[in-house]
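Working notes for the structure below.
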Amino acid sequence: MKKTLFISFLFLVFFKAYVCAEDVRVTASVNKRSAQVGEEIRLNIRVEGQNMNLQAPRLPKMESFDTYYTGRASHITFINGGSTSNIEFSYTLVPQKAGRFTLNSVEVQVGSKVFPTEPIILEVAESQAQTPRFSPTGSAGPVTQPLPTQMPQPVPQNQPSVIAPENDDNIFVQAWVDRKTVYQNQQVLLTYSLYTRYDTRYEGFEKEPETSGFWIEEFPMEREIERETIKVNGKRYVKADVKKLALFPTAPGNYTIQPGSLKVSVREEPQGSNAFDEFFSDSFFTGGSFFARRQNRLLNPPVIQLTVKPLPDVGKPESFQGAVGSFRISATIDKNKVKQNEPVTLKVNIEGEGNIETINRPKLPGLTGFKTYDADTNSKLFKTGNVIGGTKSFEIVFIPKNEGNAFIPPLAFSYFDPRQEKYVTLQTPNFPIQVEHSDQSFQMPEDMTGKAMFQKQVKLEGKDVRYIEEKLPDLLPMRLGGLAYRVLAWLDLLLFVILVFLWGKDRQERLFSKDAALRRRKTARSVASINIRRLKKIAQSSKEEDTKEFFVELEKAMTQYMADKWNLSTYGVTRHDLEETLAMHFGSDDPHLQDILGLYALCDESRFGKGSIPQASKKMGIKIFQDTVNRIERMRK
Amino acid sequence: MRRFFVLLFGLCCMPVALGATADIKSAFQEANTSYRTGDYAKAAAQYENLVQQNIHFSAIYYDLGNTYVRLGHLSKAILNFEKALRLDPRNNDIRHNLSYTRGLLEYRVEDSRNWYLKASEHILKYITEEEINSVVLGVIFVFLVGGIFGFVTGRGSFWSAWQRFVFIMLLSVGLVAFGKQVQSNLIRDAIVMQKECEARYGPSEHDQVAFRMGEGIKVFVVDRREDWSRVLLTNGDSGWVKNTDIAEVKI
Chain A
1 MKKTLFISFL FLVFFKAYVC AEDVRVTASV NKRSAQVGEE IRLNIRVEGQ
51 NMNLQAPRLP KMESFDTYYT GRASHITFIN GGSTSNIEFS YTLVPQKAGR
101 FTLNSVEVQV GSKVFPTEPI ILEVAESQAQ TPRFSPTGSA GPVTQPLPTQ
151 MPQPVPQNQP SVIAPENDDN IFVQAWVDRK TVYQNQQVLL TYSLYTRYDT
201 RYEGFEKEPE TSGFWIEEFP MEREIERETI KVNGKRYVKA DVKKLALFPT
251 APGNYTIQPG SLKVSVREEP QGSNAFDEFF SDSFFTGGSF FARRQNRLLN
301 PPVIQLTVKP LPDVGKPESF QGAVGSFRIS ATIDKNKVKQ NEPVTLKVNI
351 EGEGNIETIN RPKLPGLTGF KTYDADTNSK LFKTGNVIGG TKSFEIVFIP
401 KNEGNAFIPP LAFSYFDPRQ EKYVTLQTPN FPIQVEHSDQ SFQMPEDMTG
451 KAMFQKQVKL EGKDVRYIEE KLPDLLPMRL GGLAYRVLAW LDLLLFVILV
501 FLWGKDRQER LFSKDAALRR RKTARSVASI NIRRLKKIAQ SSKEEDTKEF
551 FVELEKAMTQ YMADKWNLST YGVTRHDLEE TLAMHFGSDD PHLQDILGLY
601 ALCDESRFGK GSIPQASKKM GIKIFQDTVN RIERMRK
Chain B
638 MRRFFVLLFG LCCMPVALGA TADIKSAFQE ANTSYRTGDY AKAAAQYENL
688 VQQNIHFSAI YYDLGNTYVR LGHLSKAILN FEKALRLDPR NNDIRHNLSY
738 TRGLLEYRVE DSRNWYLKAS EHILKYITEE EINSVVLGVI FVFLVGGIFG
788 FVTGRGSFWS AWQRFVFIML LSVGLVAFGK QVQSNLIRDA IVMQKECEAR
838 YGPSEHDQVA FRMGEGIKVF VVDRREDWSR VLLTNGDSGW VKNTDIAEVK
888 I
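Here the protein sequences line up with chains A and B, keeping their order. Everything in the first sequence is counted per the numbering used here, starting at 1 for the first residue and increasing by one. Everything in the second sequence is counted per the numbering used here, starting at 638 for the first residue and increasing by one.
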């Protein structure tokens with residue numbers, strides 16, 4: 001099954017690759033077929049098909065035209081798990097002389113196949129105007145439009161001296177501000193423009209700009225960075241604004257902004273001397289060929305000087321709290337008829353262009369008939385075009401103390417308009433409210449209970465040691481605890497001893513189970529001791545049958561002990577065997593051997609003889625037995 | 638029978654012990670009354686009297702520390718708060734007052750020890766020696782009972798999975814107990830009691846002054862001579878100070 005799946009997978013992969021090459025469609029188009037000398041013509045080469053990773057096609061040599069590659073645009077569509085992509089390569093053609101020209105077919109290589117475009121005929125007339133020395137050639141705007149188009153003051157002195165990492169003037173970055181002199185808290189737009197003649201990929205900041213003293217808002221960049229072709233010092237560059245920051249100076253003074261370092265990677269490829277499109281053989285800011293060899297570059301734009309003017313004191317209204325920009329104000333109340341101690345919420349909305357986050361709530365006038373609380377504050381920031389703006393709303397709760405007619409007074413909000421260079425004061429309307437009598441005391445409205453702003457903050461007003469402990473802990477639990485601790489310690493000791501004993505027993509049992517002779521040898525002495533105690537009890541009786549029994553048992557006990565000790569059969573051992581074994585261990589001349597043999601003879605006599613045996617003989621028998629045990633145990637050692 | 642008499646004797650002694658407690662409580666309340674009425678000097682003497690009777694309660698040390706704060710004797714206050722914390726390490730009031738009193742000191746020492754030393758000290762300070770020893774004994778008990786159970790039931794497998802687990806537990810708590818033992822008995826911390834204390838490069842007046850400290854600074858005693866102690870600060874500096882200039886935090 002797995003094998004089948006794998007083969008199916010391989011088939012799909014190869015089939016798809018085959019289909020990829022088959023479904024490709026390549027077309028070429030121009031935005032106009034007739035133009036004047038020096039007027040730009042845009043040439044688009046569109047490649048449609050499955051997912052592709054293509055190099056920009058090289059244009060055929062055209063002596064009557066200057067040609068520039070201006071970038072690519074990719075569109076990928078996913079349908080039912082499959083994807084199609086359209087890639088459009090853009091070129092700018094600038095005719096150098098009049099006449100009728102044929103743009104030969106352009107060859108696009110997809111996989112191993114080459115797809116040619118249809119030839120295009122172009123008509124070029126004589127020029128009516130000169131091409132400016134420094135001009136953008138962006139497709140959308142007119143040719144002579146100054147750079148940058150969206151800047152209010154494209155300050156020429158802001159143009160950077162060419163930053164040439166490793167003396168390379170084919171790529172540099174320009175950091176510039178839209179105005180050199182601003183008021184405190186007025187927006188300054190800081191833009192980073194990258195100029196390049198390479199296939200370049202923007203990697204981000206290597207070193208962030210140092211902008212202490214400024215409130216910063218960053219503009220999100222478009223997914224596809226806009227770019228345009230531009231001529232600087234006679235060379236054509238692709239220019240793109242890679243970063244935009246809105247700066248709001250917090251205090252007046254002269255500032256030096258360190259713009260930081262930008263990191264880019266450029267594709268290392270030999271540059272053709274006369275074909276500009278070779279410099280931009282692939283995408284700009286879109287990645288390019290994955291396997292192309294790239295080199296990282298650090299671009300350091302020069303520092304920027306900025307003068308921040310203080311806000312004028314003349315005409316500064318009392319309600320001014322630092323807002324700079326252009327704003328509007330509106331206000332609403334949630335009800336105009338309430339009971340005593342019932343809250344009315346005034347919602348004040350301020351919107352406009354400027355640093356909306358730093359706007360404070362308009363000051364409340366001194367109110368005697370109301371309790372007031374700040375209930376909520378919301379702000380929304382918008383970044384439209386190159387301007388930061390938004391709305392900020394404040395909710396203020398007014399709780400009327402007295403019945404009758406009352407007014408929520410107008411709230412004044414002032415801001416400084418830098419365009420008009422004057423202060424502007426706005427006011428909310430005067431809201432009349434009717435307060436009915438109520439005996440209900442003040443309670444926090446249910447819908448306000450969750451809002452922390454409504455409640456007063458608990459603040460630590462001083463520091464001191466915490467109060468003394470006035471109770472001693474109960475001694476009994478402590479003593480019981482101590483007792484339990486000691487008991488547990490002794491218990492552990494006891495359990496440890498038991499465990500060691502059990503472990504020893506267990507180990508002995510394991511040994512004995514493997515060697516029965518060892519068990520007999522090791523237990524012989526304890527068995528003999530038990531037998532001696534039993535014999536001593538029997539010996540106390542003077543009855544004839546007990547005497548008989550005593551000697552029978554004595555013989556058995558002695559025989560068993562010696563049989564266990566020397567691993568002889570208890571029941572099969574004969575007197576002769578015992579005599580030989582004893583003679584071997586004690587020596588045949590040993591007096592104790594004679595005593596033992598005498599004892600055995602006495603046992604026989606008691607069993608078979610008719611005469612009575614004196615009581616002393618029993619004691620002597622036990623003694624011989626004990627001596628035998630002691631002697632044999634010593635021998636073992 | 639003999640055990641019964643031992644138990645009976647113990648029960649007879651208990652009321653005597655409880656009677657002694659009543660005296661302690663009465664003396665403690667008297668000291669508290671002196672504190673409440675603002676007679677801090679008298680309160681301090683009464684609390685000290687209890688301490689000298691070998692009555693060791695965190696509450697007594699804590700109240701004594703508070704009293705010394707009121708009297709402006711910050712080093713004595715810190716010493717007593719440290720002692721109280723040894724007996725009741727998780728008491729937030731003691732920690733707060735100790736921190737507050739340290740904030741009143743003239744001198745401050747940076748703690749430049751490694752993070753793991755700080756962390757282990759912090760953790761070990763949340764438990765008493767008795768508590769961790771009890772836990773160790775409890776785990777030993779479980780381990781021994783498990784072992785005996787294995788032999789008695791004839792399973793014969795002393796080193797079962799359960800026993801291994803308990804053994805790992807035992808090693809873990811044993812390690813903590815070892816750390817606590819080191820902290821309590823080997824690392825002897827002390828408080829500088831003099832308004833200004835000179836730490837020297839050697840244990841004599843002839844040696845050069847290494848640094849000066851103010852009262853209330855916590856030091857670690859690493860060596861002892863007849864009249865001098867070598868102390869280590871949390872910033873890594875060390876020097877010899879007179880024994881009379883410091884007081885060890887021991888109960």
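Glycine included, every Cβ here is placed at the ideal spot set by N, Cα and C.
Decide if residue i is buried, meaning its Cβ has at least 16 other Cβ atoms within 10 Å, or exposed.
i                : result
Ile805 (chain B) : exposed
Gly141 (chain A) : Only weak support is given to the placement of Gly141 (chain A): the predicted model assigns it a pLDDT of 31, under 50, and the value that follows is read from those uncertain coordinates. Classification for Gly141 (chain A): exposed.
Ser712 (chain B) : buried
Ser414 (chain A) : buried
Glu633 (chain A) : exposed
Leu554 (chain A) : buried
Asn233 (chain A) : exposed
Met478 (chain A) : exposed
Asp700 (chain B) : buried
Gly404 (chain A) : exposed
Trp566 (chain A) : buried
Lys380 (chain A) : exposed
Gln187 (chain A) : buried
Indicate whether residue i and residue j have their beta-carbon atoms separated by less than 8 Å.
i                : j                : result
Lys239 (chain A) : Arg227 (chain A) : yes
Leu247 (chain A) : Phe214 (chain A) : yes
Ile41 (chain A)  : Val30 (chain A)  : yes
Ile888 (chain B) : His710 (chain B) : no
Arg46 (chain A)  : Glu88 (chain A)  : yes
Leu122 (chain A) : Tyr91 (chain A)  : no
Ala583 (chain A) : Leu568 (chain A) : no
Tyr198 (chain A) : Ile230 (chain A) : no
Pro209 (chain A) : Gly253 (chain A) : no
Lys401 (chain A) : Lys371 (chain A) : yes
Thr836 (chain B) : Val886 (chain B) : The sequence as given places Ala at residue 836 (chain B); Thr does not occur at that position. No. Outside cutoff.
Ala539 (chain A) : Lys623 (chain A) : no
Asn619 (chain B) : Val465 (chain A) : Residue 619 (chain B) falls outside the range modelled here, since chain B spans only 638 to 888, and no answer is possible.
Leu781 (chain B) : Leu502 (chain A) : no
Ala659 (chain B) : Ala668 (chain B) : no
Leu690 (chain B) : Ser671 (chain B) : Note that residue 690 (chain B) is Gln in the sequence shown, not Leu. Contact flag unset, no.
Phe625 (chain A) : Ala516 (chain A) : no
Gln340 (chain A) : Val435 (chain A) : yes
Going by DSSP, name the residue or residues bridged to residue i.
i                : result
Trp877 (chain B) : B:Arg837, B:Arg867
Thr67 (chain A)  : A:Leu93
Ile828 (chain B) : B:Lys855, B:Ala884
Phe394 (chain A) : A:Val348, A:Thr377
Gly99 (chain A)  : A:Val124
Asn44 (chain A)  : A:Ser29, A:Ser90
Leu298 (chain A) : A:Lys263
Give the residues from the region 661–686 of chain B that approach chain A closer than 7 Å (Cβ to any Cβ), ordered along the chain. Ile661, Lys662, Phe665, Asn669, Tyr672
Between the region 693–708 of chain B and chain A, which residues of the former have CB atoms less than 7 Å from a CB of the latter, in chain order? Phe694, Ala696, Tyr699, Asp700, Asn703, Val706
Whether or not the region 318–334 of chain A and the region 368–375 of chain A are in contact is what I'm after, with contact meaning three or more pairs of Cβ atoms, one per stretch, closer than 8 Å; do they touch? no
If contact means a Cβ-Cβ distance below 8 Å, which residues of the region 753–778 of chain B contact chain A? Glu767, Asn770, Ser771, Leu774, Gly775, Ile777, Phe778
Within 8 Å of chain A by C-beta, residues of the region 784–800 of chain B in sequence order: Gly784, Ile785, Phe788, Val789, Gly793, Phe795
Would the region 688–705 of chain B count as touching the region 717–734 of chain B if we require 3 or more Cβ pairs under 8 Å? yes
Is the region 173–185 of chain A close to the region 300–309 of chain A, with three or more CB pairs under 8 Å? yes
Output, in sequence order along the chain, the residues in the region 456–476 of chain A whose CB is closer than 9 Å to any CB in chain B. Lys463, Asp464, Val465, Arg466, Tyr467, Ile468, Glu469, Glu470, Lys471, Leu472, Pro473, Asp474, Leu475, Leu476
If you measure beta-carbon to beta-carbon, which residues of the region 190–218 of chain A are closer than 9 Å to chain B? none
Touch check for the region 851–864 of chain B and the region 805–814 of chain B: three-plus C-beta pairs under 8 Å? no
The region 303–320 of chain A / the region 408–424 of chain A touching (three or more Cβ pairs under 8 Å): yes
Between the region 308–333 of chain A and chain B, which residues of the former have a C-beta closer than 9 Å to a C-beta of the latter? none
Beta carbons nearer than 8 Å to chain B: which residues of the region 408–424 of chain A have them? none
For the region 713–727 of chain B, which residues have a CB atom closer than 7 Å to at least one CB atom of chain A, in sequence order? none
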